[in-house]
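Numbering (the working numbering), first residue to last: 178 to 300. What follows is a single structure, written as C-alpha cells, with notes after it.
As C-alpha cells, this is what we get:
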C-alpha cells in the first residue's frame, strides 16, 4: 500500500475518524505492509467535529487492534490518536507487532496525542 493525502486532517494509511455521533468499536487491522507514504500518517485515530462535514461530533472509538503491521519509509507525518473531550474518548487501542523501519514500536513517542485517550497497549 502507498499513501498520498494532501489534506492533513484526513491523512492516515490506517484511519478511523469518528464524527456525526458515530461510535466505532472492535476494529482489527492485520497483516498490512505499507511501502511508501509521500504525504500522510501511518495511523490516524480521531474523534472529531468538523462543521463542514459533520452535523455533530463523534461519540467514541473503543477496541482497535493493529496487528502485524510493517512500514519502511521516510517522510511521513506523525501518527495521531486523539479523543475530543472527557465524554468522547478513544479507549483500548492495541499495537501488536508493529514494526517501523525495522524497529518494533515500544511506546507512543512521535505520535500526536491528547489527554482524551486511555488503555493504549503496545505488545
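Yeah, the Cβ is synthetic: ideal placement off N, Cα and C, and Gly gets one too. Remember, it's a predicted structure, so these values are computed and weren't measured experimentally.
Residue i in three-state terms, based on DSSP
i: residue 303; result: This structure leaves residue 303 out entirely; the chain is present only between 178 and 300.
i: residue 218; result: strand
i: residue 297; result: coil
Beta carbon of residue i nearer than 8 Å to that of residue j
i: residue 233; j: residue 197; result: yes
i: residue 245; j: residue 208; result: yes
i: residue 206; j: residue 256; result: no
i: residue 290; j: residue 258; result: yes
i: residue 280; j: residue 242; result: no
i: residue 212; j: residue 249; result: yes
Same chain, Cβ closer than 8 Å to residue i, neighbours up to 5 away in sequence not counted
i: residue 226; result: 196, 233, 234, 235 and 261
7 Å CB neighbourhood of residue i in its chain, flanking five on each side removed
i: residue 203; result: 240
i: residue 295; result: 266 and 268
i: residue 282; result: 272, 275 and 299
i: residue 192; result: 221
Sequence-distant residues of the same chain with beta carbon closer than 6 Å to residue i, five excluded per side
i: residue 247; result: 210 and 276
i: residue 298; result: 271
Legend entry - Length at least 3, wholly inside the stretch 188 to 214: the beta strand (DSSP E) runs in chain order: 191 to 195 and 200 to 211
Legend entry - Complete beta strand (DSSP E) runs within the stretch 234 to 293 (minimum length 3 residues, chain order): You should have 237 to 248, 257 to 259 and 267 to 277.
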